[in-house]
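UniProt numbering numbers the first residue of the sequence shown as 1 and each following residue consecutively.
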Amino acid sequence: DYILYCHPSKQKTPRSDRLRAWYHDMLKDARARGIVVTLSTIFDTYFEGGRDNRAEQHSSTHIPYLDGDFWPGEADTLLGLIAGATTGKANGKKGSPAAPQPAAAPGRKGGSKGK
């Protein structure tokens, strides 16, 4: 998914692996120039077992949520699937593979992926 949603109209849209490599290269260059201090991932920073994690308590509330980001929409989707599977088991039914998608969070536009 794009971080920056603009590029010259004459430029081809890169494949996801090339786009990811470009972002990594851009961030490494920014770190070398002193613009960026550290690079990390959400897992490494906010989850137990992550290499950069120094938190004594771990909670999903510590993860930064920004309007339009991929992560909040994906979390909503996964929580909806988990809730649907749990509800199905509690009722003596198998979890439905097509659990309903949760509604978008207030202030977010579009579907569950925040696009």
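For glycine and all other residues, C-beta sits at the position ideal for the given N, C-alpha and C.
Around the Cβ of residue 34, a 10 Å sphere holds fewer than 16 other Cβ atoms; the residue is exposed. Taking a C-beta distance under 8 Å as the contact criterion, residue 45 and residue 52 qualify as a contact pair. Nearest in C-alpha terms to residue 54, of all of 65, 22, 19, 40, is 40. With 16 or more neighbouring CB atoms inside 10 Å of its own CB, residue 73 falls in the buried class. For residue 42, the uninterrupted alpha helix (DSSP H) segment begins and ends at 42-46.
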